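Chains A and B, in that order, are what the protein sequence lines are.
Residue numbers in the first sequence follow our numbering, run continuously in steps of one, and reach 624 at the last position.
Residue numbers in the second sequence follow our numbering, run continuously in steps of one, and reach 180 at the last position.
Positions of the beta carbon are idealized from the N, C-alpha and C atoms, including for glycine.
In this text the structure is predicted, and so the values were computed from the model without any measurement.
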Amino acid sequence: MQQIINFLVRNKILLLYFFFLIISLALTVQTHSYHQSKFLNSSNAISGGIFETANDVSSYFNLREENRRLHRENERLHTLLYNSEKDTTGLPMDSTLREYTVVRGRVIRNSYASPLNYITINKGRKDSIKQDMGVITTLGILGIVENTSANYATVQSILNEKSNINAKIKNTNHFGSLVWNGEDYQTVQLADIPRLVELHIGDTIVTGAMSSIFPENIPIGAISKFDLDQSKSFYSIEVRLFNDMTNINNVYIIEDLNRAEKIELLTETNSNDQ
Amino acid sequence: MINNSVFINVVRFLLLVLAQVLIFNKLNFFGYINPMVYVLFLFWYPLKENRATFITLCFLLGLTVDIFSDTLAINAAATATIAYLRPPLMRFVFGVNYEFQSFRLNNATKAQQFTFLALLIVIHHLAFFTLEIFSFVNILLILKKTLVVGTSSIILCLLFSALFSTKKE
Numbered sequence: 351m352q353q354i355i356n357f358l359v360r361n362k363i364l365l366l367y368f369f370f371l372i373i374s375l376a377l378t379v380q381t382h383s384y385h386q387s388k389f390l391n392s393s394n395a396i397s398g399g400i401f402e403t404a405n406d407v408s409s410y411f412n413l414r415e416e417n418r419r420l421h422r423e424n425e426r427l428h429t430l431l432y433n434s435e436k437d438t439t440g441l442p443m444d445s446t447l448r449e450y451t452v453v454r455g456r457v458i459r460n461s462y463a464s465p466l467n468y469i470t471i472n473k474g475r476k477d478s479i480k481q482d483m484g485v486i487t488t489l490g491i492l493g494i495v496e497n498t499s500a501n502y503a504t505v506q507s508i509l510n511e512k513s514n515i516n517a518k519i520k521n522t523n524h525f526g527s528l529v530w531n532g533e534d535y536q537t538v539q540l541a542d543i544p545r546l547v548e549l550h551i552g553d554t555i556v557t558g559a560m561s562s563i564f565p566e567n568i569p570i571g572a573i574s575k576f577d578l579d580q581s582k583s584f585y586s587i588e589v590r591l592f593n594d595m596t597n598i599n600n601v602y603i604i605e606d607l608n609r610a611e612k613i614e615l616l617t618e619t620n621s622n623d624q
Numbered sequence: 012m013i014n015n016s017v018f019i020n021v022v023r024f025l026l027l028v029l030a031q032v033l034i035f036n037k038l039n040f041f042g043y044i045n046p047m048v049y050v051l052f053l054f055w056y057p058l059k060e061n062r063a064t065f066i067t068l069c070f071l072l073g074l075t076v077d078i079f080s081d082t083l084a085i086n087a088a089a090t091a092t093i094a095y096l097r098p099p100l101m102r103f104v105f106g107v108n109y110e111f112q113s114f115r116l117n118n119a120t121k122a123q124q125f126t127f128l129a130l131l132i133v134i135h136h137l138a139f140f141t142l143e144i145f146s147f148v149n150i151l152l153i154l155k156k157t158l159v160v161g162t163s164s165i166i167l168c169l170l171f172s173a174l175f176s177t178k179k180e
C-alpha cells in the first residue's frame, strides 16, 4: 500500500498529464465520430457574444460588397416575382400551405482551414432555429445547423469531412452524395453518380429532392473535373463551389415544415422491412 | 509580489486567447496558415512554479481556444503535452544553469531563447496536426502543415516577444 502511494506521489505530474491527455483524446474521438459536444462549442453565450461583438466591427469593412450582392439578389427575385403567374385562386397565402420557412442570419465566425469546419451564426433557439435546418447564402448552400444556444447556432459547413448532402446534376434526376476530402476550400466532391450518365465540365450541381433539410434545386457549384473511380462504375467528380467560402456574411436558414413527417415515414418503412 | 505575478498571467491568458481566436484564427494566409501565438503563454510563464498548476492552466488554455474554434480538445491535448515536456526541454536547451534560483529567461542567450521557443512550437504543432488530421496515411500532409504553420508561428511569436519584452535597460 505504502509503495503504491509512494508511486502515485512520485509520478503525480505524469499521471496528471495522462489524465488531461485522456480527457482531450476522448473529446477528440467523440468529435470525430459523432456530433459536436453539446455545450463546449462556439455557440455558447460567452464565445458567441465575443464573436458577435468582433463581427459587428469587422463587418463594416465589406459592407459595399455585401450590399452589391444583396442588391443583385433583389434584382433576381424581382424578375421572378414579375414574371410569375398571377395567383389565380385568389386565396391569400396561408401559413399552413407553406412548405418552407426562411429566417435571415449573419455569420459571426467562419472557418475553412481545418478538416472539420464549423460556422457560427447569430440566430439561435429564440429565433426557433433547431438542429438539422439548412443554411444557404444568395449563391448556394453553406451547411446544416448542428448545435443551438439561446442566441447563437453552430453550422456544420459543407467544408467538413463529416458532411454528406444529397445533390444532383441540374435538370436530371441522377443524384449522388456531396462530400469533402479536406483539401481545397473551393472544391467539394460528388460521389455515387453512375458512369452511364453523360457529364460535361461546367454542368451545374444542385441539391437533390431526397434531402429533408434543403429544398430541391438550390445551387451548389459547377463540375470542374471528373474521372471514373477505382471500381470503374461510378464517377468521382470535383465540384467548384459557387460560394466563396472565405467571404460569407448574410445567410438564410431554411426549415422544412414537413421534415418530421418525412422522417417518420422513412423510419416506419425501414422498420417494416425488418 | 505573488499577486502581481498571478495577475500578469491571468491578463496574459485572456489577451492571448482573444488575440488567437479573434485575429490569428482568421488569417488563413494561403488558405490554411493560422499561426498559433498562444503558445507564448508557455514561453513566458515563470520558470519555477508548481508543475501541477502549470499543466492544469495550459490544459485550460488549450480548451478555451478549442471552444472558440470548434476543434474540441485538439489544442488542449497539444498544449498539455508541451506543458508536460517543458522542464526536460529547458534542461536540454539551457543546460544545468536553469536549476539555479537566479536563472531568468532574460539571462539566456538569444540563440537559447529561440531554440526553446522553436522546440515548444514544433512539438505543439506536430501533436496538433496529428490529432486534427487523425490518420497516419496523411503523414506528409501533417509534416507539411507542421513545417509551414510552425514557421509562421515562430516568426510571429518572436515578433511578439520582442514587442512585449520585459527587459529593463
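* Does any heavy atom of the ligand MG sit closer than 7 Å to the C-beta of residue 103(B)? -> With respect to small molecules bound, the structure shown includes none, and the ligand MG cannot be examined in it.
* **Buried versus exposed call for residue 17(B) [16 or more other C-beta atoms within 10 Å across all chains shown]** => Burial check for residue 17(B): the Cβ neighbour count within 10 Å stays below 16, so the residue is exposed.
* Residues in its own chain within less than 6 Å of residue 405(A) by CB, not counting five upstream and five downstream? -> 458
* Can you name the start and end residues of the alpha helix (DSSP H) that residue 368(A) belongs to? -> 362-383
* Identify the continuous alpha helix (DSSP H) that holds residue 586(A) and give its terminal residues. => Segment 584-591 is the beta strand (DSSP E) holding residue 586(A); no alpha helix (DSSP H) there.
* What residues in the segment 73-87 of chain B have a beta carbon less than 8 Å from any beta carbon of chain A? -> 73, 74, 77, 78, 79, 80, 81, 82, 83, 84, 85 and 87
* Could you tell me whether the Cβ of residue 145(B) comes closer than 8 Å to any Cβ of chain A? => yes
* Asked: Counting along the chain, where does the alpha helix (DSSP H) carrying residue 405(A) start and finish?
  -> 395-408
* Check residue 351(A) in the structure and name its three-state DSSP category. => coil
* Tell me, please, which residues DSSP counts as bridged to residue 605(A). => 451(A)
* Hey, is the segment 105-115 of chain B in contact with the segment 76-85 of chain B, meaning 3+ C-beta pairs nearer than 8 Å? -> no
* Cα-Cα, which of 500(A), 463(A) and 490(A) is closest to residue 479(A)? -> 500(A)
* To do: Return no unless some Cβ of chain A is closer than 8 Å to the Cβ of residue 122(B).
  => no
* To do: Determine the extent of the alpha helix (DSSP H) in which residue 44(B) is found, giving its start and end residues.
  => From DSSP, residue 44(B) is part of no alpha helix (DSSP H); its letter is neither H nor E.
* Could one say the Cβ of residue 70(B) lies closer than 8 Å to chain A's Cβ atoms, at least one of them? -> Taking Cβ atoms only, chain A reaches closer than 8 Å to residue 70(B), which makes this a yes.
* Residue-level contact to chain A via CB, residue 95(B), 8 Å cutoff -> For residue 95(B), the answer is yes, since a Cβ of chain A falls inside 8 Å of its Cβ.
* To do: Answer with buried or exposed for residue 465(A), where buried requires no fewer than 16 other C-beta atoms within 10 angstroms of its C-beta.
  => buried
* To do: Could you say which of 603(A), 617(A) and 597(A) lies nearest to residue 413(A) if we only look at CA atoms?
  => Nearest of 603(A), 617(A) and 597(A) to residue 413(A), Cα basis: 597(A).
* Asked: Using a C-beta cutoff of 8 Å, does residue 42(B) count as contacting chain A?
  -> It does; some Cβ of chain A falls within 8 Å.
* Euclidean distance between Cα positions of residue 77(B) and residue 391(A) -> The alpha-carbon separation between residue 77(B) and residue 391(A) amounts to approximately 8 Å.
* So, does the CB of residue 523(A) fall closer than 8 Å to a CB anywhere in chain B? -> no
* Classification of residue 357(A) by the beta-carbon crowding that lies within 10 angstroms, buried from 16 upward -> exposed
* Mind checking which residues open and close the alpha helix (DSSP H) that includes residue 567(A)? => Neither: residue 567(A) is in no alpha helix (DSSP H) and is coded neither H nor E.
* Beta-carbon gap between residue 557(A) and residue 503(A) smaller than 8 Å -> no
* Asked: What residues from the segment 570-602 of chain A come within 9 Å of chain B, judged by C-beta to C-beta, listed N to C?
  -> 596
* Asked: Which parts of the segment 56-131 of chain B are runs of the alpha helix (DSSP H), unbroken and 4 residues or longer, counting only runs that do not cross its ends?
  -> 62-80 and 85-105
* Asked: First and last residue of the alpha helix (DSSP H) that includes residue 160(B)?
  -> 150-174
* Asked: Name the chain B residues whose beta carbon is nearer than 8 Å to that of residue 411(A)?
  -> By Cβ distance, chain B contributes nothing, its closest Cβ being about 12 Å from residue 411(A), past 8 Å.
* Asked: Taking any Cβ of chain B, which residues in the segment 352-368 of chain A have a Cβ under 8 Å from it, in chain order?
  -> 362, 363, 364, 366 and 367
* How about residue 187(B): is its C-beta nearer than 8 Å to some C-beta of chain A? -> This structure cannot speak to residue 187(B), because chain B is shown only from 12 to 180.
* Sequence-distant residues of the same chain with beta carbon closer than 6 Å to residue 572(A), five excluded per side -> 552, 554 and 590
* Asked: What does DSSP give as the partner residues of residue 545(A) in its beta bridges?
  -> Per DSSP, none; premise fails for residue 545(A).
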